[in-house]
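Here is the structure we will look at.
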Amino acid sequence: MKIIQYSFMHLQRILKDKKILLLGMLMPTLVVSLVVFFTNKNENVSSSNIYVDVVNQDTGLKGEELINELEDTGVINLTKVTLEDGERRVKSGNSSFAIIIPEKFSSALEQSDSESTEVSILKLSQGNVDNIVSNKINSFIMNNTLATKVVNNINSDNSEKLKNKLINNIQDSKIKVEKSTFSTEEKTKTVNIAFLGVMISFMMYTMIYFVNEIMEIKRNGTLRRSISTPNSNITIGGALLLSFLVTEWIQVAVMVGFTKIVFKVNWGNSYAALFLVFTAFILVILSLGLLLSRWIKNETQSAIVVNMVATLTGAVSGCFVSVEYLPGIFQKIASFTPQNWVLNALTEVMLNNKGIYSVLPSIGILLLFAAAFFTAAASSLRTVAQN
75 MKIIQYSFMH LQRILKDKKI LLLGMLMPTL VVSLVVFFTN KNENVSSSNI YVDVVNQDTG
135 LKGEELINEL EDTGVINLTK VTLEDGERRV KSGNSSFAII IPEKFSSALE QSDSESTEVS
195 ILKLSQGNVD NIVSNKINSF IMNNTLATKV VNNINSDNSE KLKNKLINNI QDSKIKVEKS
255 TFSTEEKTKT VNIAFLGVMI SFMMYTMIYF VNEIMEIKRN GTLRRSISTP NSNITIGGAL
315 LLSFLVTEWI QVAVMVGFTK IVFKVNWGNS YAALFLVFTA FILVILSLGL LLSRWIKNET
375 QSAIVVNMVA TLTGAVSGCF VSVEYLPGIF QKIASFTPQN WVLNALTEVM LNNKGIYSVL
435 PSIGILLLFA AAFFTAAASS LRTVAQN
């Protein structure tokens, strides 16, 4: 009961400064809304490069030949994915579109079977950037079909008859690229990894408000008076965390609600899982802030130290650049950062529509981070008060 009583006292003091409180509530929502707005406007395509996913289901060699020919253009960047990942990445805007090479693609080309050579393209309904790739695929199929026709009719003794036969056969083969489009509404409802990275990083930066609050109660003697009472360091530190946990919950609720209503952001099917992930991450942020207060002397230092810690850990966790593109050593270090675990958990909840069970391991790791930081911080709370 003492911890709840003290946390309520801290919360009353926090709520007195309406301007700072309002700014703290609205800034995350504003930043995240801007990111959603601009990522929904982007096609993930530049004037010089096209980013394409390819699903190669072909059991022969022609599928790889087609992939190599597309890569040789110099403007098409291909990423090999599964069919499920391809659909998800296109819907989330992480890829311009996805090419699906059918299972019998090679054998169909050898037998001039036009139906089995149909390559599918999955894309959003907006834009026509896939025309470049479509033309390239059609050219590849046409050339291979023509070569097959020549081989099949090479024994003909009449060149004119051969020519006419080839033309008729090719005209009969309906060579086309089948296109399946997703509604553009789906893109505005689905976020991508860039959105999650920015949101997680900004939440880490809000640690500054918590550290500054500790600096304030240290300056006015509140923390020293609390330490002089019979209450344990865990009770005093826990009260601080609990009071800010309430304000952070409100902050997240405003952010989720606003982006859901205004920008139709899909936060997943399980709000319970989302709540648990955010709660675990907030506890990590607050516990780390309490620990950093041991070495921070004033508000100026808090901004410098928090920015340095949040930026460095964010860089190696996959928040700024996807972990797959980081050097090998950084990929290993990423697992030791809380941002990496919350990024994985939110990806499961928001992009893969998973529930609580799927994110329990990540939540458990985040709580271990929080427990380690809080234990270290609570043991040095007396030192913080005296400094």
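Numbering (the working numbering), first residue to last: 75 to 461.
We put the beta carbon where it would ideally sit given N, CA and C, even for glycine.
Apart from the five residues just before and just after residue i, which ones in its own chain have a Cβ nearer than 7 Å to its Cβ?
| i | result |
| --- | --- |
| residue 282 | 376, 377 and 380 |
| residue 291 | 297 |
| residue 405 | 397 |
| residue 363 | 281, 284 and 285 |
| residue 274 | 393, 413, 416 and 417 |
| residue 452 | 307, 308 and 311 |
| residue 141 | 128, 130 and 152 |
Buried or exposed: which applies to residue i, given that a residue is buried once 16 or more other Cβ atoms fall within 10 Å of its Cβ?
| i | result |
| --- | --- |
| residue 445 | exposed |
| residue 386 | exposed |
| residue 447 | buried |
| residue 79 | exposed |
| residue 391 | buried |
| residue 369 | exposed |
| residue 321 | buried |
| residue 325 | buried |
| residue 102 | buried |
| residue 33 | Within the shown structure, residues of the chain are numbered from 75 to 461, placing residue 33 beyond reach of any answer. |
| residue 111 | exposed |
| residue 413 | buried |
| residue 335 | exposed |
| residue 431 | exposed |
| residue 213 | exposed |
| residue 264 | Low local confidence applies: a pLDDT of 44 at residue 264 is under 50, so the model's placement there is unreliable, with the coordinate-based value given in what follows. Answer is buried; the Cβ neighbour count reaches 16. |
| residue 89 | exposed |
| residue 48 | Because the chain spans 75 through 461 in this model, residue 48 falls outside it and cannot be assessed. |
| residue 403 | exposed |
| residue 147 | exposed |
| residue 303 | exposed |
| residue 331 | exposed |
| residue 388 | buried |
| residue 165 | buried |
| residue 371 | exposed |
| residue 154 | exposed |
| residue 171 | buried |
| residue 144 | buried |
| residue 217 | exposed |
| residue 345 | exposed |
For the alpha helix (DSSP H) containing residue i, list its first residue and its last residue.
| i | result |
| --- | --- |
| residue 370 | First-last for residue 370: undefined, no H or E at that position. |
| residue 154 | Careful: residue 154 lies outside any alpha helix (DSSP H), inside the beta strand (DSSP E) at 150-154. |
| residue 318 | 307-336 |
| residue 448 | 430-453 |
| residue 185 | 179-185 |
| residue 285 | 281-293 |
| residue 81 | 76-90 |
| residue 137 | 136-145 |
| residue 300 | 296-301 |
Kindly list the residues whose CB is nearer than 8 Å to the CB of residue i, restricted to its own chain and excluding five residues on each side of it in sequence; keep chain order.
| i | result |
| --- | --- |
| residue 305 | 76 and 80 |
With a cut-off of 8 Å on the beta carbons, I'd call residue i and residue j a contact; round off their distance for me.
| i | j | result |
| --- | --- | --- |
| residue 343 | residue 427 | 5 Å |
| residue 270 | residue 411 | In fact, because the Cβ distance is near 14 Å, the residues do not count as touching under 8 Å. |
| residue 351 | residue 408 | Contact flag wrong, Cβ pair sits at about 17 Å. |
| residue 301 | residue 456 | 5 Å |
| residue 365 | residue 284 | Contact doesn't hold; Cβ gap of about 11 Å is too wide. |
| residue 354 | residue 437 | 5 Å |
| residue 373 | residue 286 | 5 Å |
| residue 152 | residue 129 | Incorrect: roughly 11 Å between the Cβ atoms, too far for contact. |
| residue 463 | residue 383 | An answer regarding residue 463 cannot be provided, because it is not within the stretch 75 to 461 covered by the chain. |
| residue 173 | residue 207 | 7 Å |
| residue 337 | residue 180 | With a Cβ gap of about 44 Å, residue 337 and residue 180 do not count as contacting. |
| residue 317 | residue 458 | The pair is not a contact, with the Cβ atoms about 17 Å apart (cut-off 8 Å). |
Please report the residue range of the beta strand (DSSP E) in which residue i lies.
| i | result |
| --- | --- |
| residue 410 | That residue, residue 410, is in no beta strand (DSSP E); it is neither H nor E in DSSP. |
| residue 171 | 171-175 |
Can you list, in chain order, the residues of its chain with a C-beta nearer than 6 Å to that of residue i? Leave out the 5 residues immediately preceding and following it.
| i | result |
| --- | --- |
| residue 272 | 109 |
| residue 442 | none |
| residue 347 | 423, 429, 430 and 433 |
| residue 105 | 276 |
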